[in-house]
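Following: one structure in structure tokens, then a few remarks.
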Amino acid sequence: MADLRNNFVGIKSPNPFWLASAPPTDKAYNVVRAFKAGWGGVVWKTLGEEGPPVVNVNGPRYGAIFGADRRLLGLNNIELITDRSLQLNLQEMKQVKMDWPDRALVASIMVPCEENAWKAILPLVEETGADGIELNFGCPHGMSERGMGAAVGQVPEYIEMVVRWCKQYTRMPVITKLTPNIADIRKPARAAKAGGTDAVSLINTINSIVAVDLDDFAPVPTVGGKGTHGGYCGPAVKPIALNMVAEIARDPETYGLPISGIGGVTTWRDAAEFIALGAGNVQVCTAVMTYGFKIVDEMISGLSNWMDEKGHRDLEAITGRAVRNVTDWQYLDLEYIAKAKIDQDLCIKCGRCHIACEDTSHQAITKQKDGKRHFEVMNDECVGCNLCVNVCPVDDCITMEALPVGSVDERTGRIVTGKYANWTSHPNNPNARPAVVEPAE
2 MADLRNNFVG IKSPNPFWLA SAPPTDKAYN VVRAFKAGWG GVVWKTLGEE
52 GPPVVNVNGP RYGAIFGADR RLLGLNNIEL ITDRSLQLNL QEMKQVKMDW
102 PDRALVASIM VPCEENAWKA ILPLVEETGA DGIELNFGCP HGMSERGMGA
152 AVGQVPEYIE MVVRWCKQYT RMPVITKLTP NIADIRKPAR AAKAGGTDAV
202 SLINTINSIV AVDLDDFAPV PTVGGKGTHG GYCGPAVKPI ALNMVAEIAR
252 DPETYGLPIS GIGGVTTWRD AAEFIALGAG NVQVCTAVMT YGFKIVDEMI
302 SGLSNWMDEK GHRDLEAITG RAVRNVTDWQ YLDLEYIAKA KIDQDLCIKC
352 GRCHIACEDT SHQAITKQKD GKRHFEVMND ECVGCNLCVN VCPVDDCITM
402 EALPVGSVDE RTGRIVTGKY ANWTSHPNNP NARPAVVEPA E
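Under our numbering, think of the first position of the sequence shown as 2, with each following residue one higher.
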């Protein structure tokens, strides 16, 4: 049976599934129930400095985007960090860690960007026995207007400075949580590494307004007739998160920096994809807020079964395996040629492939044959874009098949050579030069 035990920057947990800092980790009651359900670790909801706690709105805090079947695709929230006192949170954290020593417990922290503020809170957190801290540089609403959260995460110099303070004033591993609300995720990651961070976690939520109430003409959620931008999360942000994780994992300046993957993790497959792109573990929030703590059962069993089936003994065997296959566009093989093929036995004659191709692509799919509905790919027009594969409602009805070496591409009349060639040496490239292969890792 696959070994799912996780060791992330020295923080050990029985599996790689952690709960992200969010409402599900706001108090001991929630965290204990999560541990009983099987979660490997939690990042406690973000703590603020001592004094009066922040004040959350007493009304709607969430907006949502749904699929046609009412499945939650994206969740927007305007909730702030914990509105419970610092001392109460610390007391509960200490007790939970004593009762559950085999589970990871990390404290998320957000205080003003001042050295004394960090210096004051770190010993208090350390005294709880927490396994590490996560620096919340990602919150895009409410706190950022106060000079915290994403306001820090968008300035690499601030990130490096705060990380250095934390490494100076605590023995605990430091995980730096990055904001996706930035043009180039590599820059804050590089800054965190320069400051001495032990790891980064990403992504935090994305700035968003998910809807407008067309009766009140106010953003959703609406509080007293007004709305504001919030943080977007859930399955819809997973592609953005995967890309940002991969960018850090393959960047020469941050290569090897441990990553905790966050953003739309809903199933074991999502987790496996993050891990394959370099994440050492994953954090989950929206899926739990949608389906409850017990979804971890399926995550654990699904990941374990898949690893057994594929012969992967432990997490290390799959961590980062896909990074070497992420490249820049200029290094893609322009001599690779594929065509779509429709399985006539599986085709339900809905015509979606034809409509998509005819109206928006390359007019490469027929709509009738001998006076009857018939959908077939015309190889002399097909460019292999695979749009038809993605709009077809039947699994595996349309597949992409690579042309074998020596065959002729009917669209161009060229023979398939099988010899790798990319844009760096293409004759249409005004800056063409002798063939360049992708830089080695």
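We treat Cβ as the ideally placed atom computed from N, Cα and C, and that holds for glycine.
Note that the structure is predicted; figures quoted are calculated from it, not measured.
CA-to-CA distance, residue j to residue i, given in whole angstroms
i      : j      : result
Val417 : Ile356 : 29 Å
Gln169 : Ile249 : 25 Å
Tyr256 : Cys140 : 25 Å
Val297 : Arg374 : 46 Å
Met308 : Ala318 : 9 Å
Asn137 : Leu304 : 29 Å
Asp410 : Leu74  : 40 Å
Gly68  : Ala237 : 10 Å
Ala65  : Pro17  : 28 Å
Asn306 : Gly312 : 10 Å
Leu123 : Pro220 : 38 Å
Lys420 : Ile399 : 27 Å
Val395 : Val201 : 40 Å
Arg415 : Val406 : 11 Å
Gly352 : Ala190 : 46 Å
Ala195 : Ala118 : 21 Å
Ala129 : Met94  : One detail in the question is off: residue 129 reads as Thr in this sequence, not Ala. Cα to Cα, Thr129 sits roughly 6 Å from Met94.
Ala367 : Gln284 : Here residue 367 is Thr; the residue named in the question, Ala, does not match the sequence. Their Cα atoms are separated by approximately 46 Å.
Cβ neighbours of residue i in the same chain (closer than 8 Å, five flanking residues each side left out)
i      : result
Ser86  : Pro54
Leu333 : Asn423, Trp424
Lys120 : Trp166, Tyr170
Asp100 : Val33
Leu278 : Leu243, Val246, Ala247, Ala250, Gly262, Gly321, Ala323, Val324, Val327
Ile207 : Pro141, Pro181, Asn182, Gly232, Tyr233, Cys234, Val238, Ile241
Gly148 : Pro113, Cys114
Inter-residue CB distance, residue i and residue j (contact presumed, cutoff 8 Å)
i      : j      : result
Glu382 : Gln364 : 6 Å
Gly264 : Ile241 : 7 Å
Gly226 : Ile176 : Incorrect: roughly 39 Å between the Cβ atoms, too far for contact.
Ile338 : Gly385 : 6 Å
Sequence-distant residues of the same chain with beta carbon closer than 7 Å to residue i, five excluded per side
i      : result
Arg62  : Asn78, Ile79, Glu80, Pro222
Ala280 : Val246, Ile260, Ser261, Gly262
Arg34  : Phe294
Gln1   : Because residue 1 is not part of the residues shown, which for the chain are 2 to 442, the question remains open.
Asp217 : Thr223, Gly226
Ser408 : Val417
Gln96  : Ala29
Met468 : In the structure displayed, the chain extends from 2 to 442; residue 468 sits before or after that span and is not available.
Identity of the residue in the options nearest residue i by Cα
i      : options                        : result
Val112 : Asn59, Glu50, Leu74            : Glu50
Thr291 : Cys234, Val283, Ala341, Gly312 : Cys234
Val32  : Met173, Ala403, Arg104         : Arg104
Ala272 : Tyr421, His230, Glu299, Lys178 : Glu299
Leu215 : Thr206, Gly228, Asn208         : Gly228
Ala193 : Glu161, Pro428, Gly42          : Glu161
Cys389 : Val213, Glu158, Ala288, Thr361 : Thr361
Ser22  : Gly372, Cys286, Asn430         : Cys286
Contact set for residue i: own chain, Cβ-Cβ below 6 Å, skip 5 residues either direction
i      : result
Val327 : Ala247, Arg251
Legend entry - At least three beta-carbon pairs within less than 8 Å, the region 38 to 48 to the region 98 to 111: yes
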